[in-house]
Structures are given as structure tokens and as C-alpha cells.
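Participant: Got a structure for you, questions after.
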Amino acid sequence: MDFGSKEILQQIISGDESAFEKVYRFYYPRLNYFATQYLFDAEASKNIVQDVFTELWDKRESLQYDSNLNAWLFTVTKNKSLKVISQLKSRQNYDNHIKSRQLDANYKSLSDFDTSNFVFEELQTQIQIALDRLPPACRKVFEMSRFEDKKNREIAEELNLSIKTVEAQISKALRSLKSDLKDYLPLFYMLFFFQE
Amino acid sequence: MNEEKLIRYIKGEIVSETELTEILDWIESSPENQESYTRLKNLWVATGLGHPEPVSIPAFVFPNSKQKSFYYSFAPFLRYAAVFVLAFVLGSVSLYFFGKSEHSELSGCYNTIEVPYGERSQISLYDGTKVWLNSGTKFRYPVVFGSRTRDVFIEGEAFFAVAKDQEHPFVVNAGQLKVEVLGTHFNVCAYPEDREFSTTLEEGSVKAVETETGQGIKLIPGEQMVLHRETNQMRQLKVNTELYTSWKENLLRFDDAPFEDVIKKMERWYDVKITLDPTLDSKERYTLTIKTESLREMLQLLSRTTKINYEIKGNTVEIKNP
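From first to last, the protein sequence lines are chains A and B.
Take 221 as the starting number for the first sequence in my numbering and just add one per residue.
Take 6 as the starting number for the second sequence in my numbering and just add one per residue.
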């Protein structure tokens with residue numbers, strides 16, 4: 221199913237609850253993950269995502285039929301997250317200096333995350349194609365690290381490699397993804413110029 | 006600052022205050038460094054979006070909704086959601102990548118969830134299907150469904166609320182038992198150690214197929230199919246479906262169930278091994294609901310109606326003839 225399609229957006233605009241729920245169930249974990257990555261706060265992220273969907277439902281009638289639903293959801297989540305980061309930061313300021321500085325860096329990163337033309341399915345397909353192009357050993361390490369959420373030490377133990385090798389493979393994978401994906405999406409235009 | 010260290014920071018693997026300070030000092034020391042961090046961080050997040058961790062999704066409450074929402078019927082379950090999140094330590098979530106097929110695509114990636122005994126879990130699949138997993142269940146599903154059927158694999162027990170999609174049948178593969186559906190609510194119970202597998206239909210329609218003989222039975226709501234694994238025989242029964250699906254609301258219900266059944270289910274529910282004295286011959290039948298009762302409370306309850314002595318030693322329980 222294409223959750224970014226115009227058809228599902230039209231169903232939502234016309235008040236179709238089951239279409240809305242499909243979108244909700246698909247995007248909830250993704251937006252939640254997105255927010256948590258910058259906020260470092262599960263509770264706050266959960267609230268943001270709930271707010272985003274409430275807003276989508278409330279404002280559905282004012283949406284354009286040709287809007288990009290992906291981009292709308294990620295952009296609203298991004299903006300709400302930026303606002304909450306500022307709030308969290310001021311609260312952290314005195315008692316936890318490190319946390320406040322981390323949030324500062326994340327605020328800047330998230331501000332630069334271009335969600336304006338974000339197409340989720342397209343992005344996933346391109347990432348998969350780029351992954352397929354990696355040497356098998358490098359891909360294995362990256363996938364264990366990225367999708368199975370394993371620590372470098374765990375990967376090293378499991379594959380019988382040194383931690384240094386694991387770290388090097390992850391860097392290599394990211395460098396290769398960066399160059400493979402840079403032409404595809406505006407999002408990646410921003411992302412893939414990181415200097416070694 | 007080397008790239009490896011920055012990646013370790015982004016992965017959340019750096020915890021020492023000295024190292025954190027060192028990294029933050031570096032990021033803050035120039036706009037270029039902040040930019041390097043941003044690019045790496047955002048790339049990291051973007052590549053993770055396709056594989057978010059399974060989370061318990063709270064119900065969305067439509068304001069002024071006249072229609073009963075899909076989630077409404079699951080409301081009792083959601084009351085346990087908070088507790089559930091804590092207990093949501095999935096045994097392991099791992100990805101299996103099958104040998105590189107010629108048409109390499111996302112549909113070749115599978116997630117496997119193993120729910121430990123004594124715990125239960127719930128996930129949403131890519132197509133919007135919701136799955137409740139009972140204790141001691143292994144569930145394997147594709148990250149993205151293939152182009153023809155939506156195949157999932159199970160050992161143990163699960164309840165499915167399948168998202169409607171007429172063009173892509175949803176197929177539950179449970180070893181000898183295969184259940185094919187289009188969009189419906191049903192339970193599948195197929196623990197490898199059990200002599201019988203079963204599927205219970207709450208809503209919609211399903212076809213249950215015995216994979217060795219190819220014989221199939223269509224069920225209507227309120228019906229259950231029980232497969233005897235040795236003889237390949239299938240029986241069709243009328244049942245109170247609630248008894249077979251209430252576990253997803255964290256209730257374990259019995260209606261006129263024999264003692265052995267109660268014991269077997271309790272083993273999975275509480276993650277204990279229960280040994281029965283062979284001389285014990287309980288003719289009692291039980292009608293009861295386990296909600297928040299502890300193992301000890303349950304055994305006490307049982308001992309009121311059936312004369313038994315029991316002893317709890319760590320993870321094992323011995324039930325003896327007094």
C-alpha cells in the first residue's frame with residue numbers, strides 16, 4: 221500500500237476514519253522514532269506524535285488534495301519537535317549541562333533536516349538499492365548496527381571481528397550511502413556532503 | 006574528531022562524561038563541525054526510518070466520533086498498555102537476510118520477534134494489520150509485504166486483526182496449518198509442543214488448510230477449527246470466541262476446562278514448568294478468569310476445588326497428590 225498516495229490523502233480529507241487509521245498505524249512508529257532521535261525523550265516524543273495526528277484530523281479539510289502527506293507529517297513533527305527541544309533545553313539548563321548541549325546540537329541538525337519534499341517509500345527504496353551495492357561484509361555490519369540496533373561490541377563478538385573493523389565498516393557503509401544517494405532526493409542533497 | 010567516534014556518539018554508545026564533553030566541545034567549536042555532525046546524524050536517522058522499533062501504538066481517539074472506532078473494541082487491552090510498555094522487552098528482534106535473490110528488494114527482509122514465556126506483546130505490520138502475540142511465541146514477518154500474498158510465520162499463539170486488502174491475501178503459516186484470509190479478526194494457536202493446532206474466527210472469513218493433505222475448511226464467525234497433528238484430522242466447532250482471544254486483553258479465561266488444560270496454559274502464562282503427579286486424577290472442570298493473580302494465588306485457588314499439594318521452587322512447580 222502506498223501511504224503517501226494522493227488517494228489515501230483524499231480519503232482522509234473527506235473524513236474516512238479507516239483510511240486515517242491506516243496512516244496512523246503506519247506512521248506512528250516512524251514519526252515516534254524520528255522525534256525520539258532528536259529529543260532523547262520518549263514521553264515528549266509520544267506527545268508530539270499524538271499532537272501531529274490530532275492536528276492532521278482536525279485540519280484535514282484545509283489540506284490540499286495534491287499535498288504530499290509524507291512531507292506534511294514529517295514537517296509538522298519536525299516543527300513541533302524543535303519547539304519542544306527549546307522547552308526541554310531551558311528546563312535542563314541548570315541541572316544537566318551535557319544534556320542541554322546535546323539538545324542544542326540536535327536542534328541545529330533537525331532544523332537542517334529537509335522534510336519539505338519528503339517521500340518515504342521512495343527514500344526507503346533508494347536506501348535499499350544503495351545497501352545492495354555494498355560489499356556483503358560491509359552491508360552485514362551496517363545492517364546489524366542500523367536495523368538490529370546492535371552495539372559495535374556485540375557485532376564484533378557475533379561476527380568474530382575486532383571493534384576497529386566494525387567501526388571502519390560502518391563508516392565505509394555511510395560514506396558509500398552518502399555518495400549513492402546524493403542525486404535522488406532534496407533531503408539527501410542536504411545530507412550527503414559530510415566531510416571526512 | 007574521528008568519524009568512528011562521532012558515529013558511536015550518534016548510536017548512543019558513548020556514556021562517559023569526559024568523552025561526551027569532548028565530542029560536544031568539538032561539535033560546538035566551529036559551524037563546519039556542527040554541519041558534519043548534522044549530516045551524519047540526519048543520514049543516520051533517515052536510514053533508520055524504514056525500521057523503527059516495534060512500539061505499542063496507543064488508540065487514536067477521534068473527536069466527536071459517532072462511529073465506533075476500530076480500536077474501541079480493544080479498549081480493555083489498552084488499559085494495560087502502560088504496564089505493557091515496561092514488559093515490552095522482546096526476547097529478540099532480528100533481521101534475517103535471505104541469500105541475495107535476483108530481484109533483490111525490501112520484501113526479502115524479515116523481522117523475527119520472540120516473546121518470552123510469561124510475557125505478551127503486540128505489533129503493527131507494514132500493511133496496518135495488528136498482531137497480538139502470546140507467551141512463548143515466535144513470529145516472523147516481512148518488513149514489507151511481497152507483491153502477491155502477505156505471508157507471515159508463527160510458532161505459538163497470535164491474534165490477528167488483518168487490514169482489508171482484497172488483492173493481497175494474508176496467509177498465516179503455522180507449520181502444518183495454513184490460514185488464508187482477506188481481512189478479518191482471528192486467533193491462531195500452534196505451539197510446536199501441542200498435539201493440536203487451532204484457529205478461531207471472530208469476524209470475517211478464513212480458510213484453514215492442512216498443508217500435508219491440502220484439505221481445507223472455511224470458517225464463519227464463531228467457529229473454530231482444531232487440527233489433530235498426528236492424524237491430520239480437522240474438526241469444526243462452534244465456540245465462544247472470547248475464551249480463545251481474551252489473552253490479548255491480558256485475561257486468561259477458562260470455561261468448563263479440564264485440569265490439564267488449566268495447568269498447561271498456566272505454564273506459559275507464568276513462565277514456569279509444572280510437573281503433575283501421575284497418580285493425580287482430577288475430574289474437576291474449571292470456569293475462571295486469571296487477571297492479575299499471582300502464580301501462588303492461582304495455585305491456592307485450584308487447591309480449593311482439587312485436593313492438591315504444591316511446591317514452588319524457582320521456575321518449577323510440583324503438584325502432588327496429598
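Note that beta-carbon positions come from the ideal geometry of N, C-alpha and C, so glycine has one too.
DSSP three-state call for B:Thr-216: helix, strand or coil?
Facilitator: Correct three-state label for B:Thr-216: coil.
Participant: Straight-line CA distance for B:Ile-118 to B:Trp-137?
Facilitator: The alpha-carbon atoms of B:Ile-118 and B:Trp-137 are separated by roughly 11 Å.
Participant: Mind listing, in chain order, the continuous beta strand (DSSP E) runs of no fewer than 3 residues lying wholly within the stretch 253-306 of chain B?
Facilitator: You should have 257-263, 278-281, 290-295.
Participant: Run the CB neighbour count on A:Ile-228, radius 10 Å, all protein chains shown included, and call it buried at 16 or more, exposed below.
Facilitator: That one is buried.
Participant: Measuring only between beta-carbons, confirm whether A:Ala-376 sits less than 8 Å from chain B.
Facilitator: Taking Cβ atoms only, chain B never reaches closer than 8 Å to A:Ala-376, which makes this a no.
Participant: My guess is that B:Lys-42 and A:Ala-388 are in contact by the Cβ rule of under 8 Å, so how many angstroms apart are they, rounded?
Facilitator: The sequence given here has Tyr at residue 42 of chain B, not Lys. In fact, because the Cβ distance is near 20 Å, the residues do not count as touching under 8 Å.
Participant: Quick check on A:Trp-292 - is its C-beta less than 8 Å from some C-beta in chain B?
Facilitator: No, A:Trp-292 lies away from the interface with chain B (no Cβ there is under 8 Å from its Cβ).
Participant: Compare the beta carbon distance of B:Val-214 and B:Leu-224 with 8 Å and say whether it is the shorter of the two.
Facilitator: Cβ atoms of B:Val-214 and B:Leu-224: not closer than 8 Å.
Participant: Given a limit of 8 Å on CB to CB distance, which residues of the stretch 267-294 of chain B reach chain A?
Facilitator: If the cut-off is 8 Å between Cβ atoms, the stretch 267-294 of chain B has nothing near chain A.
Participant: Tell me which same chain residues have a C-beta within less than 8 Å of the C-beta of A:Tyr-327, skipping the five on either side of it?
Facilitator: If we look at A:Tyr-327 and ignore the five residues flanking it on each side, its Cβ neighbours are Tyr-258, Leu-302, Ile-305, Ser-306, Lys-309.
Participant: How would you label B:Thr-218, buried or exposed, when you count the other beta carbons within 10 angstroms and need 16 or more for buried?
Facilitator: Classification of B:Thr-218: exposed, given that the 10 Å Cβ count is below 16.
Participant: Quick one: is A:Leu-251 buried, meaning 16 or more other Cβ sit within 10 Å of its Cβ, or exposed?
Facilitator: Buried is the call here.
Participant: Three Cβ pairs or more, each shorter than 8 Å: is that satisfied between the stretch 189-196 of chain B and the stretch 160-175 of chain B?
Facilitator: Yes, the stretch 189-196 of chain B touches the stretch 160-175 of chain B.
Participant: Answer yes if the stretch 257-272 of chain B comes into contact with the stretch 285-301 of chain B, meaning at least three C-beta pairs across the two stretches below 8 Å, and no otherwise.
Facilitator: Yes, since at least three Cβ pairs between the stretch 285-301 of chain B and the stretch 257-272 of chain B fall closer than 8 Å, the two stretches touch.
Participant: Would you please state the rounded distance, in angstroms, between the beta carbons of A:Arg-280 and B:Ile-62? I believe it to be under 8 Å.
Facilitator: At roughly 20 Å, the Cβ-Cβ gap does not stay under 8 Å, so A:Arg-280 and B:Ile-62 are not in contact.
Participant: Among A:Glu-368, A:Ser-287, A:Val-361, A:Ser-396, which has the Cα closest to the Cα of A:Asn-380?
Facilitator: Per the Cα distances, A:Val-361.
Participant: Can you give me the Cβ contacts of B:Thr-246 inside the same chain, cut-off strictly under 8 Å, excluding the 5 residues immediately before and after it?
Facilitator: Closer than 8 Å at the Cβ level, and outside the excluded window around B:Thr-246, lie Asn-192, Thr-205, Leu-206, Glu-207, Pro-226, Gly-227, Gln-229.
Participant: Round the Cβ separation of A:Phe-333 and A:Lys-298 to the nearest angstrom and send it over; I've been treating them as touching at under 8 Å.
Facilitator: Right, their Cβ atoms sit about 6 Å apart.
Participant: Given B:Thr-321, which residues of its chain have a CB within under 8 Å of its CB, disregarding the five upstream and five downstream residues?
Facilitator: Correct list, in chain order: Val-277, Lys-278, Ile-279, Thr-280.
Participant: Use the C-beta contact count for A:Tyr-285: other C-beta atoms within 10 angstroms, 16 or more gives buried, fewer gives exposed.
Facilitator: Result: exposed.
Participant: Quick check: the Cα distance between B:Glu-316 and B:Lys-183, rounded to an integer number of angstroms?
Facilitator: About 40 Å.
Participant: If you draw a straight line from the C-alpha of B:Thr-284 to the C-alpha of B:Arg-155, how long is it?
Facilitator: If you take the alpha carbons of B:Thr-284 and B:Arg-155, they lie about 48 Å apart.
Participant: Whose CA, out of B:Ala-262, B:Gly-209, B:Gln-39, lies closest to the CA of B:Leu-248?
Facilitator: Checking every option, the nearest Cα to that of B:Leu-248 belongs to B:Ala-262.
Participant: Are A:Asp-271 and A:Lys-300 touching if we call contact CB-CB under 8 Å?
Facilitator: Yes.
Participant: If you follow the beta strand (DSSP E) that B:Thr-321 is in, where does it begin and where does it stop?
Facilitator: Counting along the chain, the beta strand (DSSP E) containing B:Thr-321 begins and ends at 321-325.
Participant: Write down the C-beta distance between A:Ser-336 and A:Thr-295 rounded to the nearest angstrom, noting that I regard them as a contact closer than 8 Å.
Facilitator: Indeed they touch by this definition, with Cβ atoms about 6 Å apart.
Participant: In angstroms with no decimal places, state the Cα-to-Cα distance between A:Asp-369 and A:Ser-287.
Facilitator: Cα to Cα, A:Asp-369 sits roughly 34 Å from A:Ser-287.
Participant: Give me the Cβ distance between B:Leu-48 and A:Leu-354, rounded to the nearest whole Å; I'm assuming they're in contact under 8 Å.
Facilitator: About 14 Å separates the two Cβ atoms, so there is no contact after all.
Participant: Express the C-alpha separation of B:Ser-152 and B:Glu-22 in angstroms, rounding to a whole number.
Facilitator: About 49 Å.
Participant: Would you give the residue range spanned by the beta strand (DSSP E) that B:Phe-191 belongs to?
Facilitator: Start and end: 190-195.
Participant: Out of B:Gly-161, B:Ile-222, B:Asn-7, which has the shortest C-alpha to C-alpha gap to B:Trp-252?
Facilitator: Selected option, being the one with the closest Cα: B:Gly-161.
Participant: Under 8 Å, Cβ to Cβ, is there at least one residue of chain A near B:Lys-71?
Facilitator: Here B:Lys-71 scores only 37 on pLDDT, less than 50, and its place in the model is too uncertain to base an answer on.
Participant: Which term fits B:Gly-133, buried or exposed, when burial requires 16 or more other beta carbons within 10 angstroms of its beta carbon?
Facilitator: With 16 or more other Cβ atoms within 10 Å, it is buried.
Participant: Just to check my reading of the structure: A:Ser-396 and B:Glu-9 have Cβ atoms closer than 8 Å, yes? What is that Cβ distance to the nearest angstrom?
Facilitator: Not really, about 15 Å apart at Cβ, beyond 8 Å.
Participant: Just how far apart, CA to CA, sit B:Phe-144 and B:Asp-30?
Facilitator: C-alpha separation (whole angstroms): 45 Å.
Participant: Apart from the five residues on each side of it in sequence, which residues of its chain come closer than 8 Å, Cβ to Cβ, to A:Thr-256?
Facilitator: Contacts found: Ala-262, Ser-265.
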